[in-house]
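**Student:** Respectively, the protein sequence lines represent chains A and B. With this note's numbering, letter number 14 in the first sequence gets 14, and the count goes up by one each step, no holes. Count along the second sequence from 1, add 253, and you get the number used in this note's numbering.
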Amino acid sequence: MSEAVAVPKTVTLEVFRYRPEEEVDPTFESFEIPYHPEWMILDALNYIKDDLDGTLSYRWACRMGVCGSCGMLANGRPVLTCATYLETLLPGPIRIEPLEGFPVIRDLVGDIGDFMGKLSEVKAWLIREEEKPVEEGEYLQTPSQLDDYKQYSMCINCMLCYSACPIYRLEPEFIGPAAIALAQRYNMDSRDEGAEQRMDVLSQHHGIWDCTLVGECSDVCPKDVDPAGAIQRYKVSATVDYFKSLLMPRSSS
Amino acid sequence: MNPKYRPYYPRWHRKLVPIFWWLRKRSYAAFMCRELTSIFVAYSAIMLVLLVLAMDRGDAAYGQMMDFLAIPVVVVAHVIVLLIVLFHTITWLNLAPMAIVVKLGDRKVPPAAILIGHYAAWLVSTVVVAWLLLWR
């Protein structure tokens, strides 16, 4: 053993508690849990729920970074708790809070209804002007066309980007990073014909123009979607389209 | 017990955003610096317009403007403004590859090329302006 770093036996988690039937304001509760180097934050929370306090509420499902439900703040930074080792936050105490920007229902559970509404507002699905009959086969796409949007399709709706975005906190009407990135995912898909319908939502003030490019959304994204880039690219193309329609009003673009 | 609680009705907790939210993280503070320096970019643009207007009003007005600009305090202030505008320009240009993705045929132009293109355009325009002002 050449490493001299002492491995702690236990680590303290300061967990945000909000039990609306019991308390008016939220509090922090400390839990001392055994430390295992292979544990993620989620493992620690599951230990608390199983062995220390069964009333702790939080969301999780897949444990492998694809379902996007276990996003929380760890020491103030939005992370997927199933993909963040306790080791990276030592020596502690590690502060666990619900994602910022969403009203808290209980403990670490936020109300995500606003995001779900926005996701359907931007029509994040394939839109065709006329559906082709099934007998005619699939809509074909080249690898290069797939590359155009693939990055944006990696979004798992974990909402870490909303939590990192100060604009969303200050202006809750802002459509927000993930919803715009997902709208771009379909806008850039060669099979899609719905860009014009999405523009009604995206090009308004609370669409792309609320974004002032803080860039934190791309920084915290666990899937490297780069929502900030998606929004800036839409700003550029919306501006180009505007000037095109101004200079060449008769051309249909 | 929370006396305001009604069973089966959600009672959300909402956190207010503090005024100095942007001091909490280094990246937020860096963003605020970049945004605030745009005031000085606007100032430089207005200053340029004032210079052109003075030039239009004739030699006397232009000379008066030049005398004002030669006052040591004004010179120092404008050097500071220049540094701030440079900071704004560089941080802004560095963001360009994020917004501009160009495809040539099936291949994406690498972000570094977009960045170099922006800096090259800046350099060329600076040389042209310097040539107009200094050597012509």
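Quick reminder that beta carbons are idealized off the backbone N, C-alpha and C, glycines included.
Can you list, in chain order, the residues of its chain with a C-beta nearer than 8 Å to that of Lys118 (chain A)? Leave out the 5 residues immediately preceding and following it.
**Tutor:** Within the first sequence, residue 118 (chain A) is the residue found at index 118, counting from 1. Once the five neighbours on either side are set aside, the close Cβ partners of Lys118 (chain A) are Ile175, Gly176, Ala179.
**Student:** If you count every other CB in all the chains shown that lies within 10 Å of the CB of Arg279 (chain B), and 16 or more means buried, which is it?
**Tutor:** Here residue 279 (chain B) refers to the residue found at position 26 of the second sequence. By the 10 Å Cβ count, Arg279 (chain B) comes out exposed.
**Student:** Which term fits Met1 (chain A), buried or exposed, when burial requires 16 or more other beta carbons within 10 angstroms of its beta carbon?
**Tutor:** Taking the first sequence and counting its residues from 1, one reaches residue 1 (chain A) at position 1. Because the pLDDT of Met1 (chain A) is 49, which lies under 50, any placement of that residue in the model is unreliable, and the question is left without a value.
**Student:** Any idea which residues DSSP pairs Pro34 (chain A) with across the strands?
**Tutor:** Along the first sequence, read from residue 1 onward, the residue named residue 34 (chain A) stands at position 34. Pro34 (chain A) pairs with A:Thr10.
**Student:** Using only CA atoms, which one of A:Lys223, A:Glu131, A:Arg106 lies nearest to Phe28 (chain A)?
**Tutor:** Taking the first residue of the first sequence as position 1, residue 28 (chain A) is located at position 28. Minimum Cα distance to Phe28 (chain A) is reached at A:Arg106.
**Student:** State yes or no: is the C-beta of Pro254 (chain A) within less than 8 Å of the C-beta of Ser30 (chain A)?
**Tutor:** An answer regarding residue 254 (chain A) cannot be provided, because it is not within the stretch 1 to 253 covered by chain A.
**Student:** Are the C-beta atoms of Ala228 (chain A) and some chain B residue less than 8 Å apart?
**Tutor:** Numbered from its first residue, the first sequence carries residue 228 (chain A) at position 228. It does: the Cβ of Ala228 (chain A) has a partner Cβ on chain B nearer than 8 Å.
**Student:** Would you kindly work out how many angstroms separate the C-alpha atoms of Thr88 (chain A) and Arg191 (chain A), rounded to a whole number?
**Tutor:** Position 88 of the first sequence, counting from 1, holds the residue named residue 88 (chain A). Position 191 of the first sequence, counting from 1, holds the residue named residue 191 (chain A). Whole-angstrom Cα-Cα distance: 42 Å.
**Student:** Express the C-alpha separation of Phe102 (chain A) and Ser163 (chain A) in angstroms, rounding to a whole number.
**Tutor:** In the first sequence, residue 163 (chain A) corresponds to position 163, counting from 1. In the first sequence, residue 102 (chain A) corresponds to position 102, counting from 1. If I take the Cα positions, the gap works out to 8 Å.
**Student:** Once DSSP output is grouped into helix, strand and coil, what is the label at Val109 (chain A)?
**Tutor:** As a first step, residue 109 (chain A) is located in the first sequence; it is residue number 109 there, counting from the start. Note: Val109 (chain A) maps to strand in three-state DSSP.
**Student:** In angstroms with no decimal places, state the Cα-to-Cα distance between Asp111 (chain A) and Pro363 (chain B).
**Tutor:** Here residue 111 (chain A) corresponds to residue number 111 of the first sequence, with the count starting at 1. Here residue 363 (chain B) corresponds to residue number 110 of the second sequence, with the count starting at 1. Cα to Cα, the separation comes out at about 40 Å.
**Student:** Assign Lys361 (chain B) to one of three DSSP states: helix, strand, or coil.
**Tutor:** The residue labelled residue 361 (chain B) in the question sits at position 108 within the second sequence. Looking at Lys361 (chain B) - three-state DSSP - the assignment turns out to be strand.
**Student:** With 8 Å as the limit, tell me which residues of the region 258-271 of chain B have their beta carbon closer than that to any beta carbon of chain A; keep them in chain order.
**Tutor:** From the region 258-271 of chain B, only Tyr258, Pro260, Pro263, Arg264, Trp265, His266, Arg267, Lys268, Val270 have a Cβ closer than 8 Å to chain A.
**Student:** Consider the Cβ of Asp312 (chain B): report whether some Cβ of chain A lies at a distance smaller than 8 Å.
**Tutor:** For the purposes of this step, residue 312 (chain B) is identified with residue 59 of the second sequence, where counting begins at 1. No, Asp312 (chain B) does not count as interfacial toward chain A.
**Student:** With DSSP as the reference, label Phe273 (chain B) as helix, strand or coil.
**Tutor:** Along the second sequence, one-based indexing puts residue 273 (chain B) at 20. Three-state result, Phe273 (chain B): coil.
**Student:** What does Asn255 (chain B) reach in chain A if we use C-beta pairs closer than 7 Å?
**Tutor:** Stepping through the second sequence from its first residue, residue 255 (chain B) is reached at position 2. Correct list: Pro20, Glu21, Glu22, Glu23, Val24.
**Student:** Tell me whether the region 206-215 of chain A and the region 320-338 of chain B touch, counting them as touching only if at least three CB pairs, one residue from each stretch, are closer than 8 Å.
**Tutor:** Not touching, per the Cβ criterion.
**Student:** Taking the straight line between their C-alpha atoms, what separation do you get for Pro8 (chain A) and Asp43 (chain A)?
**Tutor:** For the purposes of this step, residue 8 (chain A) is taken as the residue at position 8 of the first sequence. For the purposes of this step, residue 43 (chain A) is taken as the residue at position 43 of the first sequence. For Pro8 (chain A) and Asp43 (chain A), the distance between alpha carbons rounds to 17 Å.
**Student:** Just to make sure I have the definition right: I need the residues of chain A whose C-beta is within less than 8 Å of the C-beta of Val329 (chain B). Which are they?
**Tutor:** In the second sequence, residue 329 (chain B) corresponds to position 76, counting from 1. What Val329 (chain B) touches in chain A: nothing, since even the nearest Cβ is about 31 Å away.
**Student:** Out of curiosity, what's the CA-to-CA distance linking Leu368 (chain B) and Met351 (chain B)?
**Tutor:** The residue you call residue 368 (chain B) lines up with position 115 of the second sequence. The residue you call residue 351 (chain B) lines up with position 98 of the second sequence. Spanning the two alpha carbons is a distance of roughly 10 Å.
**Student:** What do you get for Ile69 (chain A), buried or exposed, if any count of 16 or more other CB atoms within 10 angstroms of its CB means buried?
**Tutor:** Position 69 of the first sequence, counted from the start, is the residue given in the question as residue 69 (chain A). The residue asked about is misnamed: residue 69 (chain A) is Ser in this sequence, not Ile. Label assigned to Ser69 (chain A): buried.
**Student:** Counting only C-beta atoms, is Ala383 (chain B) closer than 8 Å to chain A at any point?
**Tutor:** Numbered from its first residue, the second sequence carries residue 383 (chain B) at position 130. Taking Cβ atoms only, chain A never reaches closer than 8 Å to Ala383 (chain B), which makes this a no.
**Student:** Report the CB separation of Ala74 (chain A) from Ile96 (chain A) in whole angstroms; it is logged as a contact under 8 Å.
**Tutor:** Position 74 of the first sequence, counting from 1, holds the residue named residue 74 (chain A). Position 96 of the first sequence, counting from 1, holds the residue named residue 96 (chain A). Yes, they are in contact, since the Cβ atoms of Ala74 (chain A) and Ile96 (chain A) sit about 6 Å apart, within 8 Å.
**Student:** Along chain A, in chain order, which residues have C-beta atoms closer than 7 Å to that of Val354 (chain B)?
**Tutor:** Here residue 354 (chain B) is taken as the residue at index 101 of the second sequence, counted from 1. Within 7 Å Cβ-Cβ: Arg233.
**Student:** Kindly identify the DSSP beta-bridge partner or partners of Pro78 (chain A).
**Tutor:** Residue numbering aside, residue 78 (chain A) sits at position 78 when the first sequence is read from its first letter. Beta-bridge pairing links Pro78 (chain A) to A:Leu73.
**Student:** Measure the alpha-carbon distance for Ser253 (chain A) versus Cys82 (chain A) and round it to whole angstroms.
**Tutor:** The residue given as residue 253 (chain A) occupies position 253 in the first sequence. The residue given as residue 82 (chain A) occupies position 82 in the first sequence. Low local confidence applies: a pLDDT of 47 at Ser253 (chain A) is under 50, so the model's placement there is unreliable, and no value is given.
**Student:** Could you tell me the boundaries of the beta strand (DSSP E) in which Glu97 (chain A) lies?
**Tutor:** Taking the first residue of the first sequence as position 1, residue 97 (chain A) is located at position 97. Run containing Glu97 (chain A): 94-97, per the beta strand (DSSP E) assignment.
**Student:** Note down, in chain order, each residue of its chain lying with its Cβ closer than 8 Å to the Cβ of Pro26 (chain A), except the 5 sequence neighbours on either side.
**Tutor:** Counting from 1 along the first sequence, the entry for residue 26 (chain A) is found at position 26. Only Phe16, Arg17, Tyr18, Val104 meet the Cβ criterion.
**Student:** Can you confirm whether Leu108 (chain A), when its beta carbon is compared against all beta carbons of chain B, has any partner nearer than 8 Å?
**Tutor:** Position 108 of the first sequence, counting from 1, holds the residue named residue 108 (chain A). For Leu108 (chain A), the answer is no, since every Cβ of chain B falls outside 8 Å of its Cβ.
**Student:** Is any beta-carbon of chain A found at less than 8 Å from that of Asp359 (chain B)?
**Tutor:** Counting from 1 along the second sequence, the entry for residue 359 (chain B) is found at position 106. Yes, contact with chain A.
**Student:** For Ile156 (chain A) and Asn255 (chain B), I'd like the C-alpha separation in whole angstroms.
**Tutor:** Translated into positions along the first sequence, residue 156 (chain A) becomes position 156. Translated into positions along the second sequence, residue 255 (chain B) becomes position 2. Taking the straight line joining both Cα atoms gives about 36 Å.
**Student:** DSSP three-state call for Val225 (chain A): helix, strand or coil?
**Tutor:** In the first sequence, residue 225 (chain A) corresponds to position 225, counting from 1. In this structure, Val225 (chain A) counts as coil in the three-state DSSP scheme.
**Student:** Taking 8 Å as the CB-CB limit, is Val281 (chain B) close to chain A?
**Tutor:** Here residue 281 (chain B) refers to the residue found at position 28 of the second sequence. The residue asked about is misnamed: residue 281 (chain B) is Tyr in this sequence, not Val. Closer than 8 Å: yes.
**Student:** So which residues on chain B does Leu213 (chain A) lean against when the C-beta distance must stay under 7 Å?
**Tutor:** What you label residue 213 (chain A) is simply residue 213 of the first sequence in a count that begins at 1. The contacting residues are Leu348.
**Student:** Ile105 (chain A) touches chain B at which residues, Cβ-Cβ below 9 Å?
**Tutor:** Position 105 of the first sequence, counted from the start, is the residue given in the question as residue 105 (chain A). Ordered by position in chain B, the residues that pass the 9 Å Cβ test against Ile105 (chain A) are Pro263, Arg264, Trp265, His266.
**Student:** Would you give the residue range spanned by the alpha helix (DSSP H) that Glu46 (chain A) belongs to?
**Tutor:** For the purposes of this step, residue 46 (chain A) is identified with residue 46 of the first sequence, where counting begins at 1. Going by the sequence as given, residue 46 (chain A) is Asn instead of Glu. 41-47 is the extent of the alpha helix (DSSP H) around Asn46 (chain A).
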